[in-house]
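Residue numbers (my numbering): 283 to 447. The C-beta atom is built at its ideal place from N, Cα and C for all residues, glycine as well. Taking it in order: structure first as structure tokens, then the write-up.
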Amino acid sequence: MNLLNLINAIILIIGVPSIITACICVGRKLQILDSLKEYIDKYDLPKISFRTDCLWKKSFGESDSPLRLKAEYKKILESSNLDEQIKVKENELIQFVQNLKPFDELDAQTVIDQNINEIVKWFDLADFRKKVYDGGLSVETVPLLINLYLYEIIIPELKFPEIKE
Numbered sequence: 283m284n285l286l287n288l289i290n291a292i293i294l295i296i297g298v299p300s301i302i303t304a305c306i307c308v309g310r311k312l313q314i315l316d317s318l319k320e321y322i323d324k325y326d327l328p329k330i331s332f333r334t335d336c337l338w339k340k341s342f343g344e345s346d347s348p349l350r351l352k353a354e355y356k357k358i359l360e361s362s363n364l365d366e367q368i369k370v371k372e373n374e375l376i377q378f379v380q381n382l383k384p385f386d387e388l389d390a391q392t393v394i395d396q397n398i399n400e401i402v403k404w405f406d407l408a409d410f411r412k413k414v415y416d417g418g419l420s421v422e423t424v425p426l427l428i429n430l431y432l433y434e435i436i437i438p439e440l441k442f443p444e445i446k447e
């Protein structure tokens, strides 16, 4: 029994301090995570995201309202025949946006923005992506360019009531 008591004592001497040390280390890591969360919470990430989105759109769009795709980027869209694909599905796209019940043109832009990753799945983008790449643009611009083009095509067809002054 003496050997068993010795093993038990060694486990207690090594095990308990190891568990305490592990708990202290985990506690410190959690404290670091809390500090990072507080730091991140100081910044309004949705506002930063919105501002970044606005900058992207202005670099590819012609005007602020209604925002239109610049001619140079529209040529990429047309040369890849993506504009033809969009024309074929135009009624479906209009219905899709109408079903989300935007109450005005700006809300329709938001609806298109929020659903663009779903909408781009409706199209064969292989040729368009190749032309975007050949044009020196990044992959992130693919949905953005389609997004801006859809503003031009869909929003005028939604027929929102005129605002009376």
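**Prompt:** Three or more beta-carbon pairs under 8 angstroms between the segment 399-412 and the segment 422-433, yes or no?
**Reply:** yes
**Request:** Just tell me which of I368, I437, L285 and E366 has its CA closest to the CA of L225.
**Result:** A question about residue 225 goes unanswered here, because the residues of the chain that appear run from 283 up to 447.
**Request:** Could you work out which residue in F442, Y433, R411 and L440 is closest to P348 when comparing CA atoms only?
**Result:** Y433
**Request:** May I have the straight-line CA-CA distance separating I305 from Q313, to the nearest angstrom?
**Result:** Position check: residue 305 holds Cys in this sequence, whereas Ile was assumed. Cα-Cα distance, rounded: 12 angstroms.
**Prompt:** So is L286 buried or exposed if we call it buried at 16+ other beta carbons inside 10 Å?
**Reply:** L286 should be labelled exposed.
**Request:** Indicate the three-state DSSP secondary structure (helix, strand or coil) for L349 in the structure shown.
**Result:** The answer is coil: DSSP assigns L349 none of H, G, I, E or B.
**Message:** Quick check on N429: buried or exposed, where buried means 16 or more other Cβ atoms within 10 Å of its Cβ?
**Reply:** buried
**Prompt:** Relative to the C-alpha of V370, which residue among Q380, D409, F405 and K441 is closest?
**Reply:** F405
**Prompt:** How would you label S414, buried or exposed, when you count the other beta carbons within 10 angstroms and need 16 or more for buried?
**Reply:** It should be pointed out that residue 414 corresponds to Val in this sequence rather than to Ser. By the C-beta density criterion, V414 is buried, having at least 16 other C-beta atoms within 10 angstroms.
**Message:** So A390 and L351 are supposed to be a Cβ contact under 8 angstroms. How far apart are they, rounded?
**Reply:** Actually they are not in contact, since the Cβ atoms of A390 and L351 sit about 16 angstroms apart, beyond 8 angstroms.
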